[in-house]
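Reading through the C-alpha cells given below for one structure.
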Amino acid sequence: MKKEGQKIADISVMIAGKAGDGVLFTGNVLAKVLKRQGWEVGTYRDFPSNIRGEPTNYTIRASLKKIQGRSDEIDVLMAFDCASIINRAGDLARGGILLCDGQTLARLAPSKSKGTTHHRFPLRKLARDNFGKEIFKNMIALGVLCYILDLDFPILEKVISEVFLAKKGEEIVQKNIQAIHLGCKQAKEIVEKKEIHPLLKKKDENRLFISGDDAIAFGALAAGCRFFAAYPICPATEIWQWLAKYLPQFNGIVVQTEDEIAALNMALGASYTGARAMTSTSGPGASLMMEAFSLAGMAEIPVVIVHVQRAGPSTGMPTKTEQADLNQWIYGSHGDFPRIVISPGTIEECFEFTIKAFNLAEKYQCPVILLTEHVYGHNFFSVRKFDLKRTRIDRGKLLSPDELINIKDYKRYKFTSDGISPRALPGMRNGLHMVESNEHDEKGYRDEEPENRIKMMQKRMKKLERASKDLVPPKLWGERDAEIGIIGFGSTFGHIQEAMAQLKERGIRAKYLQMRTLWPFPVEKVEQFIAGCREVFVVENNYSGQLSSLIRSQVSSTLKMRNILKYSSQSFRPIEISTQVQKAL
Amino acid sequence: MRREKDFHLIDPTWCIGCGIYGIFSALKKTAAKLDLDPQQLVLVTGIGCHGRLNNYFKAYGFHSLHGRTLPTASGVKLSNPRLHVVGVSGDGDAYSIGLGHLIHSIRRNINITYLVVDNRLYALTQGQTSPTSHMGYVSVSTPGGSKEHPLDGLQLALASGGTFIARGFSGDPTQLASLIEEGMKHEGFALVEVLSPCVTHNKIITYEWFRENIYKLNEDSSYDPKNKMQAWKRLTRKAKIPLGLIYVEKKPSYESLVLPDKKKPLVFNDLEVDDLRLEKIMHKFQ
Numbered sequence: 001m002k003k004e005g006q007k008i009a010d011i012s013v014m015i016a017g018k019a020g021d022g023v024l025f026t027g028n029v030l031a032k033v034l035k036r037q038g039w040e041v042g043t044y045r046d047f048p049s050n051i052r053g054e055p056t057n058y059t060i061r062a063s064l065k066k067i068q069g070r071s072d073e074i075d076v077l078m079a080f081d082c083a084s085i086i087n088r089a090g091d092l093a094r095g096g097i098l099l100c101d102g103q104t105l106a107r108l109a110p111s112k113s114k115g116t117t118h119h120r121f122p123l124r125k126l127a128r129d130n131f132g133k134e135i136f137k138n139m140i141a142l143g144v145l146c147y148i149l150d151l152d153f154p155i156l157e158k159v160i161s162e163v164f165l166a167k168k169g170e171e172i173v174q175k176n177i178q179a180i181h182l183g184c185k186q187a188k189e190i191v192e193k194k195e196i197h198p199l200l201k202k203k204d205e206n207r208l209f210i211s212g213d214d215a216i217a218f219g220a221l222a223a224g225c226r227f228f229a230a231y232p233i234c235p236a237t238e239i240w241q242w243l244a245k246y247l248p249q250f251n252g253i254v255v256q257t258e259d260e261i262a263a264l265n266m267a268l269g270a271s272y273t274g275a276r277a278m279t280s281t282s283g284p285g286a287s288l289m290m291e292a293f294s295l296a297g298m299a300e301i302p303v304v305i306v307h308v309q310r311a312g313p314s315t316g317m318p319t320k321t322e323q324a325d326l327n328q329w330i331y332g333s334h335g336d337f338p339r340i341v342i343s344p345g346t347i348e349e350c351f352e353f354t355i356k357a358f359n360l361a362e363k364y365q366c367p368v369i370l371l372t373e374h375v376y377g378h379n380f381f382s383v384r385k386f387d388l389k390r391t392r393i394d395r396g397k398l399l400s401p402d403e404l405i406n407i408k409d410y411k412r413y414k415f416t417s418d419g420i421s422p423r424a425l426p427g428m429r430n431g432l433h434m435v436e437s438n439e440h441d442e443k444g445y446r447d448e449e450p451e452n453r454i455k456m457m458q459k460r461m462k463k464l465e466r467a468s469k470d471l472v473p474p475k476l477w478g479e480r481d482a483e484i485g486i487i488g489f490g491s492t493f494g495h496i497q498e499a500m501a502q503l504k505e506r507g508i509r510a511k512y513l514q515m516r517t518l519w520p521f522p523v524e525k526v527e528q529f530i531a532g533c534r535e536v537f538v539v540e541n542n543y544s545g546q547l548s549s550l551i552r553s554q555v556s557s558t559l560k561m562r563n564i565l566k567y568s569s570q571s572f573r574p575i576e577i578s579t580q581v582q583k584a585l
Numbered sequence: 001m002r003r004e005k006d007f008h009l010i011d012p013t014w015c016i017g018c019g020i021y022g023i024f025s026a027l028k029k030t031a032a033k034l035d036l037d038p039q040q041l042v043l044v045t046g047i048g049c050h051g052r053l054n055n056y057f058k059a060y061g062f063h064s065l066h067g068r069t070l071p072t073a074s075g076v077k078l079s080n081p082r083l084h085v086v087g088v089s090g091d092g093d094a095y096s097i098g099l100g101h102l103i104h105s106i107r108r109n110i111n112i113t114y115l116v117v118d119n120r121l122y123a124l125t126q127g128q129t130s131p132t133s134h135m136g137y138v139s140v141s142t143p144g145g146s147k148e149h150p151l152d153g154l155q156l157a158l159a160s161g162g163t164f165i166a167r168g169f170s171g172d173p174t175q176l177a178s179l180i181e182e183g184m185k186h187e188g189f190a191l192v193e194v195l196s197p198c199v200t201h202n203k204i205i206t207y208e209w210f211r212e213n214i215y216k217l218n219e220d221s222s223y224d225p226k227n228k229m230q231a232w233k234r235l236t237r238k239a240k241i242p243l244g245l246i247y248v249e250k251k252p253s254y255e256s257l258v259l260p261d262k263k264k265p266l267v268f269n270d271l272e273v274d275d276l277r278l279e280k281i282m283h284k285f286q
C-alpha cells in the first residue's frame, strides 16, 4: 500500500478460494466498483485450467496513478478456504489484513514481524442462515470489504443491479444488496477503526474498464475486420466471443471452425476474396497454423493473427501466463517469407496496434502477428476512452474496379520497385489471376525456373525493407541518460516501470526500451540504446531468453547483456526485477 | 453464349490418357452450358495432379495447401456468395489429410461444388497407397500390400448428412458434366466423386476395370435419389459401383443462415469508420 500523506494512493486486495467458489465473480464486482469510484484499476486473476476445486485468486489493484501491472504485495486478503490462507498469507504486506471464513479453517498466527491482523467471519453460516444458500457468502464477503475500504454504496448497488437484474431478477438483486449490508455490519463489529483503509471517492470521467482481449476485438471491429474464423482456445476465445456478438451488426461474420488449420486457411480464402480477415489463437493453435502462415507469405495474402500467449509447451498451462511464443512467429514455419510481429505493452496499444495490424497486412500483403499474453488478455484495466477519430483505414495497393479495368495484361504478382503488387479481387473485371502455394510467376502460375525463383524471393522479402516508416518503433522510458538499461516486450511494461521507480529510490537510475515491433527487427534503435548503456538487462517471461537471443542475433554490441527470466507461469513482481538488477550491479 | 474454348487457357500436360482430361472436359462443358462468367468463378484446388487444373481452366484460381481446399473455398464463398465456387481435390487431398474438413463442410452444407478425383493412389508423388486403395494393394508405400480397409467417401458423406452426393467417371465426361451442372445448381454442398484412372501408376484400377465394375444408377427408373435408405443400400451393396446422382436433399445452405445481409456480400462493405456507432459500443465497456 502506498500513501500520500494521510490518504491511500495505492492498494491491493486479493480474494482467494477454490475454483467454483465465486472468487472471480466477487473480484469482478469489486474491481468495477473501484473503477467507478474514479480509481485506476488493474486486475491480476490467477485461476486454474479447471471448472471446480483448484486454487483461484483474484487481486484487484487500485491506485490514484495509472498502473499497468501487479504490485509486489497485497494489503487485504479475503480467503474462502484453508489452502488460500496457508498459501497466500505470505503475500500480505506490512500491516496487512487477513479476512477469512468461519471457525473451522486453518489457524495461522498473525505475523508479528509484519504487523498483520486476522479476522474471522462466519460467511457461509451467515449465508445459509439468512439467505438459505451458501453462494451468498460472496456478497457478504464483499460487504466486509465494503466496510474496510469504505466503498461507495450507491455505486456498489448499481453494479449489483447490472450484474444480476437481467438474468436473475429484482428479488435476487435485493437479496444480494442485503447480503452486502449484512457483511458490512459484521465487519463494523469486529474490525477496528485503525485497520480500515477508506478510499477516496473521485469522478469516473467515462473511462473504460476493459481487458486486452476486448480491446483487441474492439480494435478489429473499428479496423474494418468483417471475417473472423477461430477455434476455441484459452486465453484467446474472448476475442471471438465478443466479435460474434458485434460483427453481424456490421455485416461481418464469425465462424467457429473444426480446428485451427481450417481457421487460418478460411481467413486466407476470405482475405483473398477481399474481406479484412482475422483469427485468434494461443500456442497449440499457432503450431497448427504454421503451414497456412507460410502460405500467407508465399501467396502475399494479408491476414491478422492474434496470438495470446499462455504457458507452454504442448498443452502447457492454459490459464497461466508466459512470453515463450516469440520464436514461433519470428522463426516459425518452413522457408523464408515476410512477416510482421508486433507486441502491445498496454491496453491502449492492444486497441491501436490491432488497427495498425490490419493496415500493415494490406499494405505489405503479408501476415501480421499481434503477439500478446494471457495476463493482458484475461485481466481488466481502467483506461481512457479510445480515440476513434484517429482511426484510419489504409488498404494499400488494393485496386478499385475502375483502376483495374484500365490495366493492360494485369499481373497479380507484378515486379515493382517496392516489391508490392497491385491487388485485384475475384469477381473483378480484367483481373483474372491465380494464387499459388507453389512458387509462381508474375501472373501467379506455377514456375520452377531458378531465375524467376530468385526474382520472386527477392520481391517478397524486399517488401519489408522499406517498411520501417510504417512500423511501430521501440519506445524509450525512464531517464534518457541513465547507464543501466532494461529491454522488454509485452506485459512486462508495468512491472519494469515500477522496478525502475524502486531502483530510483535506491539511487540507481535506469532507462527502459519497450520493444513494440519484434519483426522486422528495429536494429538501429536497439543498437543505439545498448551503445548508450553500461549494463543491459533483458526482462522476459520465458526460460530460454527468446528476446535476448533475438537481440543478440540482430545487433552486434551485445556483450554486456544479461537476462532476467521468470518462467513459473506467473508474471513478474516489480521487486523481482529491481532486486536482480541491484544484485548484478 | 460462352463456349467450351472460352474456358480453355492452355493445353494441359497431364499424362496421355489421364482421367483428369475427362474432368477438365466436363468442367468446360458445364461452364459453357451454364454460361458462367470466368471472372465470377473461383476454382480452388489442392495438391495432386488435379492441382494443375488452375493453369488450364480459365477462372480465378487458388491452388491451396494439401488437404485445405475446403476451408479456403469456404472463406471465399462466405465473403462473396455471388461467386461460383468449385473445389477440386484428389483422393489423398479429400479423403486423407483433408478428411476432417470434408465432414465439417458437409455439416455446414456450404454452397460449394466439390469434385473428388479418385484414382485410388497418390499419383503426383509417384504412386503411394491412398485411403481408397483396396486391401492388399501393392505400391511403393505398401510393398507387402495395404493392410487398411478402404474408405468409401460417399458412405461417409451420406452418414454426415450430405445433401448432394453423386459419382461420375472421367471416362464419361458427358454424364459427369451433367452431374457437375446439377451440383452447381444445388443450394448447398455438392459432392461429386469422380472415378478416374491413373494410367501411369495404377495398373490394376484401369479404364477397363472401372467399366466392368460400374453401373448407372439413374438408368433404373425405380431409384429415387431422395430416398436415404435406398441410397444407403446402394452404396453399401457389395456389387458394382453406382454412378449418377445417389442422394439429394433440400436443406438451407450455411450462408443463407449465417450471412447477416442477404443482398450485400461482406466484401462490398464500406469500411469507413462509423465512430458514432462505435462510440455507443465502447460505452458498454464502462
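First to last, the sequence lines map onto chains A and B. Here the first sequence is numbered in my numbering, starting from 1 and rising by one per residue. Here the second sequence is numbered in my numbering, starting from 1 and rising by one per residue. By construction, the Cβ of each residue, glycine as well, lies at the ideal position given by its N, Cα and C atoms. These numbers come from a predicted model, not from an experiment.
Taking only the alpha-carbon atoms, compute the straight-line gap between residue i and residue j and give it to the nearest angstrom.
i	j	result
Arg339/A	Asp481/A	34 Å
Gly100/B	Gly132/A	50 Å
Leu145/A	Lys284/B	26 Å
Ile253/A	Ser79/B	9 Å
Pro38/B	Glu4/B	11 Å
Ile177/A	Thr237/A	32 Å
Lys469/A	Ala223/A	20 Å
Leu257/B	Lys411/A	36 Å
Met500/A	Gly51/B	58 Å
Ser12/A	Leu371/A	28 Å
Asn109/B	Leu92/A	57 Å
Asn119/B	Ser333/A	31 Å
Pro55/A	Gln249/A	39 Å
Using a Cβ-Cβ distance under 8 Å, would residue i count as near chain B?
i	result
Ser282/A	no
Gly396/A	no
Asp214/A	yes
Leu513/A	no
Gly252/A	yes
For residue i, which residues in chain B fall below 9 Å Cβ to Cβ?
i	result
Ile261/A	Leu65, Gly67, Arg68, Pro71, Gly100, His101
Thr391/A	Val273, Asp275, Leu278
Phe209/A	Phe285, Gln286
From the beta carbon of residue i, is the nearest beta carbon of chain A less than 8 Å away?
i	result
Glu193/B	no
Arg211/B	no
His186/B	no
Phe285/B	yes
Leu154/B	no
Lys264/B	yes
Leu259/B	yes
Leu36/B	no
Using 10 angstroms around the beta-carbon of residue i, count the other beta-carbons present and answer buried if the total reaches 16, otherwise exposed.
i	result
Gly38/A	buried
Phe415/A	exposed
Asp409/A	exposed
Ser71/A	buried
Does the beta carbon of residue i fall short of 7 Å from some heavy atom of the ligand FMN?
i	result
Asn265/A	Only the bare structure without any ligand can be found here, which leaves the ligand FMN out of the picture.
Could you name the residues of chain A that residue i contacts, counting a contact when the two beta carbons are closer than 9 Å?
i	result
Glu279/B	Lys385, Leu388
Gly75/B	Phe227, Ala229, Val255, Asn265, Met266, Ala267, Leu268, Gly269, Ala270, Ser271, Tyr272, Thr273, Ala275, Ala277
Gln126/B	Under the 9 Å cutoff, chain A gives no residues; its nearest Cβ is about 17 Å from Gln126/B.
At 8 Å on the CB atoms, spell out the chain A contacts of residue i, in chain order.
i	result
Pro252/B	Under the 8 Å cutoff, chain A gives no residues; its nearest Cβ is about 15 Å from Pro252/B.
Can you list the residues of chain B that residue i reaches, using a CB-CB cut of under 7 Å?
i	result
Ser437/A	His63, Ser64, Leu65
Gly224/A	Leu271
Along chain A, which residues have their Cβ under 7 Å away from the Cβ of residue i?
i	result
Val42/B	Pro426
task = Jot down the residue ranges of each uninterrupted alpha helix (DSSP H) in the region 221-279 of chain A, minimum 4 residues, whole runs only, in chain order.
result = 237-246, 260-273
query = Mind pulling the beta strand (DSSP E) runs of 3 or more residues that sit fully within the region 502-534 of chain A?
reply = The beta strand (DSSP E) runs lying completely inside the region 502-534 of chain A and spanning 3 residues or more are 510-515, 517-519, given in chain order.
ask   = Which parts of the region 433-497 of chain A are runs of the alpha helix (DSSP H), unbroken and 4 residues or longer, counting only runs that do not cross its ends?
value = 450-462
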